[in-house]
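In this note's numbering, the protein residues as written are 16 to 306.
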């Protein structure tokens, strides 16, 4: 029996939904099996048909394309599922990289599973993982955050949720918001190690490394920034994690019942070796949880 999943020279594929990773910059990074499936699919579901059409044209792929993105997903998804139930083969791609990471593919896959539609795919490029590999930061534990909120206050709140996580953080950001993200990350997380990657796999590929404070100073304006950025923030240093224990939490919680965050931090810092900014970040988190 022919292996329709692992054969790299197939001329038929099983009906169902295929999640296909596409290049993040360099057209040559499209896997051979991905190319075959895109050619044989009845439909290629794209975030932006104009963008994906360039890739398909490069490989002489003439499959039909249909837009599937956050603005039309609710309306289009039932039609896609109906066609899949009728035995068609659809390939889901994002503008770049691996679908379902920071794009609207999750609900489609979930509903396809609920309807017993076959799900498969082709792994491949991912900007977040590639940036982590190039960053030189710890890669044994990492957390992918995608795009954080565009609003400063919400973004700061999101960052505070992760200040205790002993893992590298991977964040996607636009040129316009990169300076404010770095400022907020420094203010909330302290001066951790950081790497900023741009133009990955392209001619002008660049990875800029330094502390959050250094990079926040370096990127003060978005005027000359182009392309999407991947920001990798290292885990807290060992001496910054001393506060992650029940004793310090209980002391802070008692103090916060009777005084402001600033006064509670000042009081506790006299009897603790933990840095003030670390105590402050923890106090803010505890205060928000109790509200």
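No residue lacks a Cβ here, since even glycine has one placed at the ideal position from N, Cα and C.
message: Does residue 234 pass the burial test, meaning 16 or more other C-beta atoms within 10 Å, or should it be called exposed?
response: It counts as buried.
message: Using C-beta distances below 7 Å, list every residue in its chain close to residue 258, excluding the 5 sequence neighbours before and after it, in chain order.
response: Note that residue 258 has pLDDT 42, beneath the 50 cutoff, so the model's placement of it is unreliable and the number below is only indicative. Same-chain partners within the cutoff: 289, 293, 294, 297.
- prompt: Below 7 Å between beta carbons: does that hold for residue 210 and residue 247?
  reply: yes
message: Determine, for residue 271, whether the minimum Cβ-Cβ distance to residues of chain B falls below 7 Å.
response: This model lacks chain B altogether, as it is built from one protein chain only.
query: Would residue 118 pass as a contact of residue 63 if the rule is Cβ separation under 7 Å?
result: no
task: Would you decide whether residue 215 is buried or exposed? Buried here means 16 or more other CB atoms lie within 10 Å of its CB.
output: buried
field: Residue burial classification, residue 47 (beta-carbon count within 10 angstroms, cutoff 16)
entry: exposed
- prompt: Are the CB atoms of residue 61 and residue 108 nearer to each other than 7 Å?
  reply: Against a cut-off of 7 Å, the Cβ pair of residue 108 and residue 61 comes out as a contact.
query: Among 125, 163, 205, which one has its Cα closest to the Cα of residue 251?
result: 205
- prompt: What residue does the beta strand (DSSP E) around residue 239 start on, and which one ends it?
  reply: First-last for residue 239: undefined, no H or E at that position.
At least 3 beta-carbon pairs within less than 8 Å: the segment 143-150 vs the segment 169-188: yes
task: Return the CA-CA distance between residue 99 and residue 70, expressed in angstroms with no decimal places.
output: 24 Å
- prompt: From the DSSP output, which residues share a beta bridge with residue 33?
  reply: 106, 135
task: Note down the Cα distance separating residue 161 from residue 115, rounded to an integer number of angstroms.
output: Taking the Cα positions, residue 161 is about 11 Å away from residue 115.
task: Tell me the start and end of each unbroken beta strand (DSSP E) in the segment 204-239 that is at least 3 residues and wholly inside, in chain order.
output: 208-213, 221-226
query: Is DSSP giving residue 282 helix, strand or coil here?
result: helix
task: Please check the pair residue 28 and residue 55, which I expect to be a contact at CB under 8 Å, by giving their CB distance rounded to whole angstroms.
output: 5 Å
- prompt: So, is residue 354 buried or exposed, given that buried needs 16 or more other C-beta atoms within 10 angstroms?
  reply: The displayed coordinates of the chain run from 16 to 306. Any statement about residue 354 would go beyond what the structure contains.
field: Cβ pair residue 34, residue 58 closer than 7 Å
entry: Not closer than 7 Å, so no.
field: Backbone secondary structure at residue 83 - three-state DSSP
entry: coil
query: Which value, in whole angstroms, describes the spacing of the CA atoms of residue 226 and residue 207?
result: For residue 226 and residue 207, the distance between alpha carbons rounds to 5 Å.
message: The beta strand (DSSP E) that contains residue 245, what's its start and end?
response: 244-248
Cα-Cα separation, residue 287 to residue 265: 14 Å
message: Taking only three categories from DSSP, how would you classify residue 121?
response: helix
task: Consult DSSP for residue 60 and reduce its assignment to one of helix, strand or coil.
output: strand
message: On a Cα-Cα basis, can you pick out the residue from 190, 279, 164 that is closest to residue 301?
response: The residue with the shortest Cα to Cα distance from residue 301 is 279.
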